[in-house]
Amino acid sequence: MSSTVQICLRHPGDPAAAMARIAVALDVPGYFASADEFAFTLRSDPWTTPDGVLSVDLSALDRELYGTGDDTAFAPYDFELSLELRNVPAQARQELLERAGRAVFDRLTGLNVPLAFGDGTDLFADFLPGRGVREFPPGVSWDEDARDTWFEPSLHGSRPAPSFDKERTSPARPSHGAVRVYETDGLLQIVPWGEAGPVTPVASVRAQAGPALLGRLLAEELERSTPPSPQKNDPWPWVSGTARLSPEEYARTAVSIDVRVAEGAVQAVPLGAADDALAERRPGPWDDEAAGELVLRLIGRLRAHAPT
1 MSSTVQICLR
11 HPGDPAAAMA
21 RIAVALDVPG
31 YFASADEFAF
41 TLRSDPWTTP
51 DGVLSVDLSA
61 LDRELYGTGD
71 DTAFAPYDFE
81 LSLELRNVPA
91 QARQELLERA
101 GRAVFDRLTG
111 LNVPLAFGDG
121 TDLFADFLPG
131 RGVREFPPGV
141 SWDEDARDTW
151 FEPSLHGSRP
161 APSFDKERTS
171 PARPSHGAVR
181 VYETDGLLQI
191 VPWGEAGPVT
201 PVASVRAQAG
211 PALLGRLLAE
221 ELERSTPPSP
231 QKNDPWPWVS
241 GTARLSPEEY
251 ARTAVSIDVR
261 VAEGAVQAVP
271 LGAADDALAE
281 RRPGPWDDEA
291 AGELVLRLIG
301 RLRAHAPT
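For the sequence shown, position 137 matches number 137 in UniProt numbering, and the numbering has no gaps at all.
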């Protein structure tokens, strides 16, 4: 009996791009980012019981475990979602976990990328754009022993279909959009800011993760701020809750920056009572690391000016 189930994705682009699309598809309020993985939770219907918590981690596919080519059913994929269910009765956990995993898998077919769903030993289902979902009977393993059952020429063959090749799309290079970055105790919250105000999902990251990852997240969240109908969930319970502060405490202790991309430049402006002279403008094309450095530098200056 496995304590987790897995959903593997064949997704063009980097992990931050994959996470942003997954978060939107699953309607999550926010996610945590680190150098190695992304994490979020799903609660209540339609994912689990009223008290259940489905913990989800996104990471690069484990090549040592799954191999390459047609070594295993999971080998052609790029990323792995690992799902674990907590706060449910032990005797029902496995059934509820598989049911929750299947609900996530079904929702993610809307991304229209190849997917596979299974656990530590077995393959339950897979999805291929244009073909749809393929169900597997109980006991079909994802390893080479069941290759005759799970082999898909478009994925596992020596000449995969061109639409599923390994070419990467270019990372997001936003030309317009707005986010607000909030910081408390080294935790940064990147909130997309649409025309009507804050939207979700929020990207949360520690300052110590560095400017390159911060800049990559800024780029993805700036992209999220510009669709005609961005998600309108209230981001503030996530923002203050992940900082483990009440909304009032968070508002009192956080520093914040308005970050906008327009007219070929990135502009970062402190909010609140901060000195307007601290604002910065960086012209030129988008650069992840430079954008991350700009925000971290400005937060450092805000903290230096903040009352003690």
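Heads up, the beta-carbon is just placed ideally off N, CA and C, and yes, glycines get one too.
Exposed unless 16 or more other CB atoms sit within 10 angstroms - verdict on residue i
i: P247; result: exposed
i: T184; result: buried
i: G284; result: exposed
i: residue 333; result: Residue 333 lies beyond the residue range present for the chain, which begins at 1 and ends at 308; the question has no answer from this structure.
i: A90; result: exposed
i: L298; result: buried
i: S44; result: exposed
i: A243; result: buried
i: S204; result: buried
C-beta contact flag for residue i and residue j at 8 angstroms
i: E144; j: D62; result: no
i: A39; j: Y31; result: yes
i: L97; j: L81; result: no
i: V261; j: H176; result: yes
i: L213; j: A35; result: yes
i: L111; j: R216; result: no
i: T41; j: S59; result: no
Three-way DSSP call (helix, strand, coil) for residue i in this model
i: K166; result: Summary for K166: the model assigns pLDDT 48, below 50, so the residue's position carries little reliability; its value from the coordinates is reported in the next sentence. Coil, per DSSP.
i: F151; result: coil
i: W236; result: helix
i: R173; result: coil
i: D288; result: helix
i: Y31; result: strand
i: E195; result: coil
i: D106; result: helix
Close-in-space but distant-in-sequence residues of the same chain around residue i (CB under 8 angstroms, 5 per side omitted)
i: A103; result: P46, W47
i: R173; result: A219, P285, W286
Contact set for residue i: own chain, Cβ-Cβ below 7 angstroms, skip 5 residues either direction
i: K166; result: At K166, the pLDDT of 48 sits below 50, so the modelled position is not reliable and the matter cannot be decided from this model.
6 angstroms Cβ shell around residue i - same chain, five flanking residues per side excluded
i: R134; result: D126
i: P192; result: V179, V199, E221, R224, S225
message = Could you check whether the region 107–125 touches the region 137–155, counting it as contact only if at least three pairs of C-beta atoms, one from each stretch, sit closer than 8 angstroms?
response = yes
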